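What follows is one structure encoded as C-alpha coordinates, with my remarks underneath.
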Amino acid sequence: MKAAIAEGIGTYLLEDVELLPLGPTDVRVRTIAALACVTDVHARRNGGSPGLAKPHIRGHAGIGEVLEVGDRVRRTQVGDRVVVVSRPQCGTCWWCLHDQPYECDTTVAPPPAAARRANGDLLQGSARVGSYAEEMRVAEATVVPVDTTLSDDELLMLSCGATTGFGAAFNTVPVRPGQNVLVMGAGIIGLSVAQAARVGGAENVVLVEPQAARRDHALAGHATHAVADAEEARELLADLTSGRGADVAFEAVGTPAALQEAFMLTRRAGDVVGIGFGHWDDQLVLPFNQVTLRNKRLSGCQFGSASIIRDIPDYARRIELGQLEVASLVGKRFSLDEINEALDAQEACETLGAIVVP
1 MKAAIAEGIG TYLLEDVELL PLGPTDVRVR TIAALACVTD VHARRNGGSP GLAKPHIRGH
61 AGIGEVLEVG DRVRRTQVGD RVVVVSRPQC GTCWWCLHDQ PYECDTTVAP PPAAARRANG
121 DLLQGSARVG SYAEEMRVAE ATVVPVDTTL SDDELLMLSC GATTGFGAAF NTVPVRPGQN
181 VLVMGAGIIG LSVAQAARVG GAENVVLVEP QAARRDHALA GHATHAVADA EEARELLADL
241 TSGRGADVAF EAVGTPAALQ EAFMLTRRAG DVVGIGFGHW DDQLVLPFNQ VTLRNKRLSG
301 CQFGSASIIR DIPDYARRIE LGQLEVASLV GKRFSLDEIN EALDAQEACE TLGAIVVP
(Lines of atoms letter the chains of each structure in order from A and count residues from 1; the text may use other names and numbers.)
(Lines give C-alpha, C1' and ligand atoms only; values in the text may rest on other atoms or scores of the structure.)
Protein backbone atom coordinates (compact mmCIF):
# COMPACT_ATOMS: atom_id res chain seq x y z
CA MET A 1 0.00 0.00 0.00
CA LYS A 2 1.03 3.63 -0.51
CA ALA A 3 1.84 5.81 2.49
CA ALA A 4 3.31 9.27 3.12
CA ILE A 5 6.55 8.87 5.09
CA ALA A 6 8.27 11.51 7.21
CA GLU A 7 12.03 11.06 7.44
CA GLY A 8 12.44 14.16 9.58
CA ILE A 9 12.05 17.81 8.69
CA GLY A 10 10.83 18.56 5.17
CA THR A 11 8.79 17.05 2.35
CA TYR A 12 6.92 13.79 2.94
CA LEU A 13 7.83 10.89 0.68
CA LEU A 14 5.29 8.55 -0.89
CA GLU A 15 6.32 4.89 -0.68
CA ASP A 16 4.91 1.39 -0.98
CA VAL A 17 4.90 -0.22 2.47
CA GLU A 18 3.54 -3.41 4.00
CA LEU A 19 0.97 -3.25 6.81
CA LEU A 20 1.90 -5.49 9.73
CA PRO A 21 -0.41 -8.31 10.89
CA LEU A 22 -3.00 -7.33 13.49
CA GLY A 23 -2.64 -7.90 17.20
CA PRO A 24 -5.67 -9.03 19.23
CA THR A 25 -6.94 -5.48 19.87
CA ASP A 26 -5.97 -3.97 16.49
CA VAL A 27 -8.16 -2.90 13.60
CA ARG A 28 -7.31 -2.66 9.90
CA VAL A 29 -9.08 0.22 8.19
CA ARG A 30 -9.31 1.14 4.52
CA THR A 31 -8.74 4.88 4.44
CA ILE A 32 -11.65 6.73 2.84
CA ALA A 33 -10.18 10.17 3.52
CA ALA A 34 -7.68 11.89 5.80
CA LEU A 35 -7.72 15.41 7.15
CA ALA A 36 -4.68 17.54 6.33
CA CYS A 37 -4.17 19.38 9.60
CA VAL A 38 -2.06 22.36 10.66
CA THR A 39 -0.43 20.02 13.19
CA ASP A 40 1.16 18.24 10.23
CA VAL A 41 2.31 21.60 8.86
CA HIS A 42 4.17 22.12 12.16
CA ALA A 43 5.55 18.58 12.05
CA ARG A 44 6.85 19.00 8.50
CA ARG A 45 8.62 22.18 9.61
CA ASN A 46 10.06 21.04 12.95
CA GLY A 47 10.04 17.24 12.86
CA GLY A 48 6.95 16.56 14.98
CA SER A 49 6.63 15.01 18.42
CA PRO A 50 9.97 14.20 20.12
CA GLY A 51 8.59 10.81 21.15
CA LEU A 52 7.78 9.69 17.61
CA ALA A 53 10.42 7.63 15.83
CA LYS A 54 11.71 8.66 12.42
CA PRO A 55 10.78 7.59 9.84
CA HIS A 56 7.03 7.19 10.36
CA ILE A 57 3.71 7.42 8.50
CA ARG A 58 2.15 10.86 8.84
CA GLY A 59 -1.51 11.77 9.33
CA HIS A 60 -3.39 11.71 12.64
CA ALA A 61 -7.05 11.99 11.61
CA GLY A 62 -9.21 10.15 9.14
CA ILE A 63 -12.25 8.06 8.35
CA GLY A 64 -12.46 4.66 6.79
CA GLU A 65 -14.08 1.25 6.45
CA VAL A 66 -13.13 -1.57 8.80
CA LEU A 67 -11.59 -4.45 6.83
CA GLU A 68 -10.35 -6.72 9.63
CA VAL A 69 -10.36 -6.84 13.43
CA GLY A 70 -8.31 -8.63 16.07
CA ASP A 71 -9.95 -11.44 17.99
CA ARG A 72 -10.43 -9.31 21.15
CA VAL A 73 -11.93 -6.26 19.43
CA ARG A 74 -15.45 -5.45 20.64
CA ARG A 75 -16.02 -1.79 19.71
CA THR A 76 -16.30 -2.26 15.97
CA GLN A 77 -16.74 -4.90 13.29
CA VAL A 78 -15.92 -5.49 9.64
CA GLY A 79 -17.87 -3.15 7.37
CA ASP A 80 -18.29 -0.29 9.86
CA ARG A 81 -17.61 3.27 8.75
CA VAL A 82 -15.37 4.67 11.48
CA VAL A 83 -13.69 7.87 12.58
CA VAL A 84 -10.04 7.32 13.49
CA VAL A 85 -8.64 9.85 15.96
CA SER A 86 -5.39 10.79 17.66
CA ARG A 87 -6.83 10.71 21.20
CA PRO A 88 -7.61 7.08 22.05
CA GLN A 89 -10.06 6.01 24.73
CA CYS A 90 -9.30 2.58 26.14
CA GLY A 91 -12.07 2.74 28.75
CA THR A 92 -10.06 0.94 31.46
CA CYS A 93 -7.16 3.18 32.55
CA TRP A 94 -7.28 5.61 35.51
CA TRP A 95 -8.01 8.60 33.25
CA CYS A 96 -10.84 6.93 31.37
CA LEU A 97 -12.39 5.73 34.63
CA HIS A 98 -12.17 9.25 36.14
CA ASP A 99 -14.00 11.05 33.33
CA GLN A 100 -10.85 12.38 31.65
CA PRO A 101 -10.57 10.00 28.67
CA TYR A 102 -8.82 12.66 26.58
CA GLU A 103 -5.76 11.88 28.77
CA CYS A 104 -6.06 8.11 28.27
CA ASP A 105 -2.84 6.27 29.12
CA THR A 106 -2.71 5.03 25.54
CA THR A 107 -1.87 8.58 24.40
CA VAL A 108 1.47 8.56 26.21
CA ALA A 109 2.43 4.93 25.61
CA PRO A 110 5.09 4.37 22.92
CA PRO A 111 3.29 3.97 19.57
CA PRO A 112 3.59 0.44 18.18
CA ALA A 113 4.91 -0.28 14.71
CA ALA A 114 2.16 -0.34 12.08
CA ALA A 115 3.96 -1.09 8.81
CA ARG A 116 7.26 -2.16 7.26
CA ARG A 117 9.27 -0.47 4.50
CA ALA A 118 10.75 -2.42 1.63
CA ASN A 119 14.17 -2.24 3.36
CA GLY A 120 12.72 -3.85 6.51
CA ASP A 121 12.50 -0.68 8.64
CA LEU A 122 9.45 -0.60 10.91
CA LEU A 123 7.14 2.42 10.78
CA GLN A 124 4.90 3.86 13.47
CA GLY A 125 1.77 5.79 12.58
CA SER A 126 1.74 9.44 13.56
CA ALA A 127 -0.27 9.79 16.82
CA ARG A 128 -0.91 6.02 16.55
CA VAL A 129 -2.93 6.64 13.37
CA GLY A 130 -0.94 7.18 10.15
CA SER A 131 -3.90 8.27 8.03
CA TYR A 132 -1.88 9.48 5.01
CA ALA A 133 -1.97 5.95 3.66
CA GLU A 134 -4.28 3.65 1.75
CA GLU A 135 -4.86 1.59 4.90
CA MET A 136 -4.37 2.08 8.64
CA ARG A 137 -3.42 -0.44 11.33
CA VAL A 138 -4.66 1.11 14.57
CA ALA A 139 -5.68 0.18 18.09
CA GLU A 140 -9.34 -0.39 18.82
CA ALA A 141 -9.10 2.52 21.30
CA THR A 142 -8.62 5.03 18.46
CA VAL A 143 -11.64 3.91 16.42
CA VAL A 144 -15.18 5.27 16.69
CA PRO A 145 -17.94 3.63 14.61
CA VAL A 146 -20.62 6.16 13.68
CA ASP A 147 -23.99 5.18 12.22
CA THR A 148 -24.90 8.40 10.43
CA THR A 149 -26.25 9.87 7.22
CA LEU A 150 -23.43 12.43 7.10
CA SER A 151 -21.32 12.51 3.97
CA ASP A 152 -17.73 11.30 4.14
CA ASP A 153 -16.49 14.90 3.97
CA GLU A 154 -18.71 15.99 6.85
CA LEU A 155 -17.83 13.02 9.02
CA LEU A 156 -14.13 13.63 8.35
CA MET A 157 -14.37 17.08 9.97
CA LEU A 158 -15.17 15.31 13.27
CA SER A 159 -11.87 13.40 13.18
CA CYS A 160 -9.97 16.39 14.53
CA GLY A 161 -10.73 20.14 14.27
CA ALA A 162 -14.51 20.29 14.59
CA THR A 163 -14.62 17.89 17.56
CA THR A 164 -11.86 19.92 19.20
CA GLY A 165 -13.65 23.23 18.70
CA PHE A 166 -17.11 22.00 19.65
CA GLY A 167 -15.76 20.31 22.76
CA ALA A 168 -13.80 23.36 23.89
CA ALA A 169 -17.05 25.31 24.27
CA PHE A 170 -19.24 22.36 25.32
CA ASN A 171 -16.86 20.43 27.61
CA THR A 172 -13.68 22.29 28.61
CA VAL A 173 -15.38 25.53 29.64
CA PRO A 174 -19.07 25.31 28.71
CA VAL A 175 -20.34 28.62 27.34
CA ARG A 176 -23.44 29.89 29.12
CA PRO A 177 -26.33 32.03 27.85
CA GLY A 178 -25.58 35.73 27.69
CA GLN A 179 -21.80 35.44 27.84
CA ASN A 180 -19.35 37.44 25.74
CA VAL A 181 -16.88 35.09 24.08
CA LEU A 182 -13.53 35.80 22.43
CA VAL A 183 -12.04 33.39 19.88
CA MET A 184 -8.47 33.80 18.60
CA GLY A 185 -8.12 32.27 15.14
CA ALA A 186 -10.55 31.33 12.36
CA GLY A 187 -9.34 27.93 11.25
CA ILE A 188 -11.49 24.82 11.64
CA ILE A 189 -11.05 24.85 15.41
CA GLY A 190 -11.77 28.54 15.92
CA LEU A 191 -14.83 28.47 13.67
CA SER A 192 -16.13 25.41 15.49
CA VAL A 193 -15.61 27.10 18.86
CA ALA A 194 -17.56 30.13 17.61
CA GLN A 195 -20.42 27.91 16.47
CA ALA A 196 -20.58 25.96 19.72
CA ALA A 197 -20.46 29.19 21.71
CA ARG A 198 -23.51 30.48 19.87
CA VAL A 199 -25.29 27.18 20.42
CA GLY A 200 -24.47 27.57 24.10
CA GLY A 201 -26.21 30.93 24.12
CA ALA A 202 -23.35 33.43 23.85
CA GLU A 203 -24.63 36.95 23.31
CA ASN A 204 -21.50 38.04 21.44
CA VAL A 205 -18.74 36.02 19.79
CA VAL A 206 -15.77 38.17 18.87
CA LEU A 207 -13.34 36.40 16.55
CA VAL A 208 -9.78 37.66 15.94
CA GLU A 209 -8.29 36.71 12.58
CA PRO A 210 -5.78 38.65 10.43
CA GLN A 211 -7.00 37.19 7.12
CA ALA A 212 -9.94 39.14 5.70
CA ALA A 213 -11.40 36.17 3.82
CA ARG A 214 -11.55 34.10 6.99
CA ARG A 215 -13.12 36.97 8.90
CA ASP A 216 -15.83 37.12 6.25
CA HIS A 217 -16.27 33.35 6.54
CA ALA A 218 -16.70 33.68 10.29
CA LEU A 219 -19.26 36.47 9.99
CA ALA A 220 -21.23 34.49 7.43
CA GLY A 221 -21.38 31.67 9.92
CA HIS A 222 -21.46 32.00 13.68
CA ALA A 223 -19.32 34.93 14.90
CA THR A 224 -21.19 38.14 15.71
CA HIS A 225 -18.04 40.23 15.24
CA ALA A 226 -14.70 39.65 13.51
CA VAL A 227 -11.63 41.88 13.85
CA ALA A 228 -8.09 41.77 12.54
CA ASP A 229 -6.02 41.97 15.73
CA ALA A 230 -6.04 41.99 19.51
CA GLU A 231 -6.12 45.79 19.80
CA GLU A 232 -9.31 45.96 17.76
CA ALA A 233 -10.72 43.19 19.94
CA ARG A 234 -9.80 45.12 23.08
CA GLU A 235 -11.69 48.20 21.92
CA LEU A 236 -14.72 46.20 20.77
CA LEU A 237 -14.92 44.14 23.96
CA ALA A 238 -14.69 47.32 26.03
CA ASP A 239 -17.76 48.65 24.21
CA LEU A 240 -19.69 45.38 24.42
CA THR A 241 -18.98 44.68 28.10
CA SER A 242 -18.73 48.14 29.70
CA GLY A 243 -14.98 47.66 29.97
CA ARG A 244 -14.96 44.23 31.64
CA GLY A 245 -13.55 42.08 28.84
CA ALA A 246 -14.48 38.61 27.60
CA ASP A 247 -16.21 36.17 29.95
CA VAL A 248 -14.48 33.29 28.18
CA ALA A 249 -11.58 33.46 25.70
CA PHE A 250 -10.49 30.59 23.47
CA GLU A 251 -7.06 30.54 21.82
CA ALA A 252 -7.05 28.52 18.57
CA VAL A 253 -3.87 29.78 16.89
CA GLY A 254 -1.04 27.75 18.39
CA THR A 255 1.32 30.51 19.59
CA PRO A 256 2.17 31.74 23.09
CA ALA A 257 1.49 35.30 21.91
CA ALA A 258 -2.10 34.45 20.97
CA LEU A 259 -2.73 32.80 24.35
CA GLN A 260 -1.20 35.78 26.17
CA GLU A 261 -3.47 38.14 24.23
CA ALA A 262 -6.52 36.02 25.01
CA PHE A 263 -5.57 36.03 28.67
CA MET A 264 -5.23 39.80 28.85
CA LEU A 265 -8.54 40.36 27.01
CA THR A 266 -10.45 38.27 29.56
CA ARG A 267 -12.29 39.91 32.45
CA ARG A 268 -11.51 39.42 36.11
CA ALA A 269 -12.59 35.95 37.26
CA GLY A 270 -12.98 34.92 33.62
CA ASP A 271 -11.89 31.75 31.84
CA VAL A 272 -9.15 31.32 29.24
CA VAL A 273 -8.83 28.14 27.18
CA GLY A 274 -5.66 27.25 25.27
CA ILE A 275 -6.30 24.91 22.36
CA GLY A 276 -3.60 25.47 19.74
CA PHE A 277 -0.54 23.30 19.14
CA GLY A 278 2.80 25.10 19.18
CA HIS A 279 6.48 24.15 19.13
CA TRP A 280 7.57 21.77 21.89
CA ASP A 281 10.05 24.37 23.20
CA ASP A 282 7.52 27.24 23.37
CA GLN A 283 7.18 28.92 26.77
CA LEU A 284 4.18 30.88 28.08
CA VAL A 285 4.70 33.94 30.28
CA LEU A 286 1.72 35.44 32.12
CA PRO A 287 1.37 38.14 34.78
CA PHE A 288 1.29 36.23 38.07
CA ASN A 289 -1.12 38.56 39.85
CA GLN A 290 -3.61 38.39 36.99
CA VAL A 291 -4.06 34.75 37.94
CA THR A 292 -4.04 35.12 41.71
CA LEU A 293 -5.46 38.57 42.51
CA ARG A 294 -7.74 38.77 39.44
CA ASN A 295 -8.94 35.17 39.71
CA LYS A 296 -8.43 34.32 36.05
CA ARG A 297 -8.60 30.61 35.24
CA LEU A 298 -6.47 29.06 32.49
CA SER A 299 -7.45 25.65 31.10
CA GLY A 300 -5.77 23.47 28.50
CA CYS A 301 -7.92 21.77 25.89
CA GLN A 302 -6.80 18.64 24.08
CA PHE A 303 -9.23 17.30 21.48
CA GLY A 304 -12.13 19.24 22.97
CA SER A 305 -11.87 17.39 26.32
CA ALA A 306 -13.86 14.76 24.47
CA SER A 307 -15.07 11.32 25.29
CA ILE A 308 -14.71 10.14 21.71
CA ILE A 309 -17.19 7.28 21.98
CA ARG A 310 -19.80 9.64 23.43
CA ASP A 311 -19.13 12.96 21.71
CA ILE A 312 -18.35 12.10 18.08
CA PRO A 313 -21.63 10.20 17.54
CA ASP A 314 -23.43 12.95 19.47
CA TYR A 315 -21.97 15.69 17.27
CA ALA A 316 -22.87 13.70 14.15
CA ARG A 317 -26.45 13.44 15.39
CA ARG A 318 -26.60 17.16 16.14
CA ILE A 319 -25.39 17.88 12.61
CA GLU A 320 -28.09 15.61 11.19
CA LEU A 321 -30.68 17.56 13.22
CA GLY A 322 -29.35 20.93 12.06
CA GLN A 323 -28.14 21.97 15.52
CA LEU A 324 -24.52 22.04 14.34
CA GLU A 325 -22.96 22.16 10.88
CA VAL A 326 -19.58 21.27 9.40
CA ALA A 327 -20.21 21.59 5.66
CA SER A 328 -18.75 25.12 5.68
CA LEU A 329 -15.49 23.73 7.08
CA VAL A 330 -14.87 21.34 4.18
CA GLY A 331 -11.96 22.50 2.05
CA LYS A 332 -10.10 21.51 -1.10
CA ARG A 333 -9.53 17.90 -2.11
CA PHE A 334 -6.12 16.38 -2.83
CA SER A 335 -4.91 12.92 -3.79
CA LEU A 336 -2.43 11.10 -1.55
CA ASP A 337 0.21 11.86 -4.20
CA GLU A 338 -0.49 15.55 -3.52
CA ILE A 339 -0.01 15.39 0.26
CA ASN A 340 2.70 18.06 0.26
CA GLU A 341 0.55 20.35 -1.87
CA ALA A 342 -2.30 19.83 0.61
CA LEU A 343 -0.08 20.90 3.50
CA ASP A 344 1.25 23.84 1.48
CA ALA A 345 -2.35 25.00 1.02
CA GLN A 346 -3.02 24.62 4.75
CA GLU A 347 0.12 26.57 5.64
CA ALA A 348 -0.80 29.38 3.23
CA CYS A 349 -4.38 29.48 4.65
CA GLU A 350 -5.74 28.79 1.16
CA THR A 351 -8.22 26.22 2.46
CA LEU A 352 -9.92 25.14 5.65
CA GLY A 353 -10.30 21.38 6.03
CA ALA A 354 -8.09 20.04 3.24
CA ILE A 355 -9.16 16.49 2.38
CA VAL A 356 -6.63 13.86 1.29
CA VAL A 357 -8.10 10.93 -0.61
CA PRO A 358 -5.95 7.82 -1.28
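Using the UniProt record's numbering, the first residue of the sequence shown is number 1, and each one after it goes up by one. Backbone N, C-alpha and C define an ideal beta-carbon position, used for all residues, glycine too. Computed from a predicted model, the values in this text were never measured in an experiment.
Check: Assigned exposure category for Arg310 - 16 Cβ within 10 Å defines buried; Outcome: exposed
Check: Closest by C-alpha distance to residue 391, when choosing among Leu19, Gly187, Leu52 and Leu150; Outcome: With the chain covering 1 to 358 only, the question about residue 391 has no answer from this structure.
Check: The segment 50-65 contacting the segment 125-143, beta-carbon criterion three pairs below 8 Å; Outcome: yes
Check: Contact check, Ala139 vs Asp26, beta carbons under 8 Å; Outcome: yes
Check: Contact belief for Ala197 with Val181 at Cβ below 8 Å, rounded distance in angstroms; Outcome: 4 Å
Check: Reference Gly300; option with closest CA among Val84, Gly278 and Glu65; Outcome: Gly278
Check: Supposed close pair Val253, Gly276 - CB separation, criterion 8 Å; Outcome: 5 Å
Check: Sequence-distant residues of its chain with Cβ nearer than 8 Å to Ser335 (five each side left out); Outcome: Val356, Val357 and Pro358
Check: From Lys296, Gly178 and Leu156, residue whose alpha carbon lies closest to that of Gln260; Outcome: Lys296
Check: Cutoff 7 Å; reference Pro88; Cβ partners in own chain excluding five residues on either side; Outcome: Cys104, Thr106, Thr107, Arg128, Ala139, Ala141 and Thr142
Check: In DSSP terms, what Asn180 is bridged to; Outcome: Asn204
Check: Rounded Cβ spacing between Ala62 and Ala33 (contact assumed at less than 8 Å); Outcome: One detail in the question is off: residue 62 reads as Gly in this sequence, not Ala. The Cβ separation is near 6 Å, so the contact holds.
Check: Closer than 8 Å to chain C by CB, Leu329; Outcome: Absent here is chain C; the protein component of the structure consists of one chain.
Check: Selected residue, minimal CA-CA separation from His42, among Gly64, Gly10, Leu67 and Glu18; Outcome: Gly10
Check: Through-space distance from Ala186 to Gln290, alpha-carbon basis; Outcome: 27 Å
Check: Arg267 to Gly245 span [Cα, whole Å]; Outcome: 4 Å
Check: Short Cβ contact (8 Å threshold) for Met31 with Ala133; Outcome: One detail in the question is off: residue 31 reads as Thr in this sequence, not Met. Yes, Cβ-Cβ distance for Thr31 and Ala133 is below 8 Å.
Check: Opposing strand residues paired with Ala327 [DSSP bridges]; Outcome: Per DSSP, none; premise fails for Ala327.
Check: Three-state secondary structure assigned by DSSP to Phe277; Outcome: coil
Check: Own chain residues within Cβ distance below 7 Å of Asn46, not counting five before or after; Outcome: Ile9 and His279
Check: Residue closest to Val83, alpha-carbon to alpha-carbon, out of Val146, Ala4 and Ala342; Outcome: Val146
Check: Asn171 and Ser328 closer than 8 Å at C-beta; Outcome: no
Check: Burial state of Ala262, where buried means 16 or more other Cβ atoms lie within 10 Å; Outcome: buried
Check: Reduced DSSP secondary structure (H/G/I, E/B, other) of Arg75; Outcome: coil
Check: Paired residues, beta bridge with Gln124 - DSSP; Outcome: His56 and Ala113
Check: Asn119 burial status per 10 Å Cβ neighbour count (16 or more: buried); Outcome: exposed
Check: Buried versus exposed call for His222 [16 or more other C-beta atoms within 10 Å across all chains shown]; Outcome: buried
Check: Outcome for Gln100 when other beta-carbon atoms lying within 10 angstroms are tallied against a minimum of 16; Outcome: exposed
Check: Cross-strand partners of Ile5 (DSSP beta bridge); Outcome: Leu13 and Ile57
Check: C-alpha distance - Ser131 paired with Ala257, whole-angstrom precision; Outcome: 31 Å
Check: Per-residue burial, Gln283 [other beta carbons within 10 Å of its own, 16 or more giving buried]; Outcome: exposed
Check: Length of the line joining the Cα atoms of Val208 and Ala230; Outcome: 7 Å
Check: Leu193 and Gly165 closer than 8 Å at C-beta; Outcome: The question names Leu, but residue 193 in the sequence shown is Val. Cβ atoms of Val193 and Gly165: closer than 8 Å.
Check: Distance between Asp239 and Val272 (C-alpha atoms, nearest Å); Outcome: 20 Å
Check: Ala6 CB to nearest heavy atom of the ligand FAD below 7 Å; Outcome: Because no ligand of any kind appears in the structure shown, any question about the ligand FAD cannot be addressed here.
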